[in-house]
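Trainee: Everything in the sequence shown is counted per the UniProt record's numbering, starting at 1 for the first residue and increasing by one.
Sending over a structure as structure tokens; questions will come in a sec.
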Amino acid sequence: MWWLSVTSLFLVLLQQILKLFGIGLSEVLTHQITDIINTLLALAGSLGLIYDTSITDRRQTK
Numbered sequence: 001m002w003w004l005s006v007t008s009l010f011l012v013l014l015q016q017i018l019k020l021f022g023i024g025l026s027e028v029l030t031h032q033i034t035d036i037i038n039t040l041l042a043l044a045g046s047l048g049l050i051y052d053t054s055i056t057d058r059r060q061t062k
């Protein structure tokens, strides 16, 4: 599910580039897209698709 966070970053980048050329996304649209991505991340975490991989199994280190 790494693509969800990449999509969020891409949208921020797109918004910054458009603002550079004087084109702005509406605040409402930006918030709606962010809310959708946050909901998808929450669902993926709830389903176990996103998990913490920084914790190692202590049985493997011995």
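For each residue, glycine too, the CB sits at the ideal point set by N, CA and C.
Just so you know, these numbers come straight off a predicted model, no measurement behind them.
Determine the direct distance from the alpha carbon of L11 to that of T34, and round the result to whole angstroms.
Mentor: Here residue 34 corresponds to residue number 34 of the sequence shown, with the count starting at 1. Here residue 11 corresponds to residue number 11 of the sequence shown, with the count starting at 1. About 9 Å.
Trainee: Suppose you measure from the CA of A44 to the CA of T7; what does that come to, to the nearest Å?
Mentor: The residue given as residue 44 occupies position 44 in the sequence shown. The residue given as residue 7 occupies position 7 in the sequence shown. Roughly 15 Å between the two C-alpha positions.
Trainee: Identify the continuous alpha helix (DSSP H) that holds L40 and give its terminal residues.
Mentor: Translated into positions along the sequence shown, residue 40 becomes position 40. Element bounds for L40: 27-46.
Trainee: Helix, strand or coil for I17, going by three-state DSSP, please let me know.
Mentor: Along the sequence shown, read from residue 1 onward, the residue named residue 17 stands at position 17. DSSP places I17 in the helix class (H, G or I) of the three-state scheme.
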